[in-house]
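Start counting the sequence shown at 1; every next residue gets the next number (the UniProt record's numbering).
Even for Gly, the Cβ is constructed at its ideal location relative to N, Cα and C.
Everything numeric in this text was worked out from a predicted model, so none of it was measured.
Everything on this sheet refers to the single structure shown next.
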Amino acid sequence: MGDGLDDLASGRIVYGEHHLVLTVMASSLSQLDQCLSSLKSELADSAIIPIREDWAMAAAFWSQLPSNSKYRPRPSPISSRNFAGFCSLHNYPSGQLDGNQWGPAVTLLKAASAHYQIFLSHDNTDLTEIQSLLRFQ
1 MGDGLDDLAS GRIVYGEHHL VLTVMASSLS QLDQCLSSLK SELADSAIIP
51 IREDWAMAAA FWSQLPSNSK YRPRPSPISS RNFAGFCSLH NYPSGQLDGN
101 QWGPAVTLLK AASAHYQIFL SHDNTDLTEI QSLLRFQ
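Structure follows, in structure tokens:
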């Protein structure tokens with residue numbers, strides 16, 4: 001406890017609040033039970049004990065949306081050091097090649113982060129957007 005107070009006083013860490021809400025959707029109750037069981041097992045492997053909300057289920061759901069932090073049913077204190085270990089922010093979304101609602105990916109682009117981003121044209125019938133984009137790459 002003394003080390004935490006010293007780190008806080010010296011500015012090495014800060015404290016805030018966090019919460020975790022996972023919304024699981026399934027097409028049947030049996031599939032939902034399977035998904036919840038699998039999810040609980042995966043979380044347990046990371047030493048996270050999930051709590052299935054009953055009374056605060058609606059509040060937990062709505063707390064996921066921006067500006068709805070007042071609805072968080074179980075906000076918990078966390079240090080910046082613990083948050084950094086809990087929430088890995090070191091990856092970049094890349095998209096997917098197939099299975100997109102606009103069809104397959106058109107090309108791969110190298111992002112400023114040196115990672116690749118999959119490019120999708122929202123209108124597959126007009127190549128003007130793609131040509132304009134590739135002209136400036």
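Spatially closest choice to Gly99 from Arg74, Ala112, Ala60 and Leu120, by CA coordinates: For the purposes of this step, residue 99 is taken as the residue at position 99 of the sequence shown. Here the closest residue by C-alpha is Leu120.
Contacts around Ser80, its chain only, beta-carbon distance under 6 Å, and the 5 residues preceding and following it disregarded: For this step, residue 80 is matched to residue 80 along the sequence shown. Excluding positions up to five away in sequence, the list reads Ile13 and Val14.
Check whether Glu17 and Pro66 have beta carbons under 9 Å apart: Here residue 17 is taken as the residue at index 17 of the sequence shown, counted from 1. Here residue 66 is taken as the residue at index 66 of the sequence shown, counted from 1. No.
Three-state secondary structure (DSSP) of Glu42: For the purposes of this step, residue 42 is taken as residue 42 along the sequence shown, with counting starting at 1. Helix at Glu42.
Rounded C-alpha distance that separates Leu36 from Val24: Start at 1 with the first residue of the sequence shown, and residue 36 comes out as number 36. Start at 1 with the first residue of the sequence shown, and residue 24 comes out as number 24. Approximately 7 Å between the Cα atoms of the pair.
Contacting residues, own chain, Cβ-Cβ under 8 Å from Gly2 (five flanking each side not counted): Here residue 2 corresponds to residue number 2 of the sequence shown, with the count starting at 1. Correct list: empty, nothing qualifies.
Element boundaries [alpha helix (DSSP H), containing Gly85]: For this step, residue 85 is matched to residue 85 along the sequence shown. Counting along the chain, the alpha helix (DSSP H) containing Gly85 begins and ends at Ser80 to Phe86.
Euclidean distance between Cα positions of Leu29 and Pro104: As a working mapping, residue 29 is identified with position 29 in the sequence shown. As a working mapping, residue 104 is identified with position 104 in the sequence shown. Cα to Cα, Leu29 sits roughly 33 Å from Pro104.
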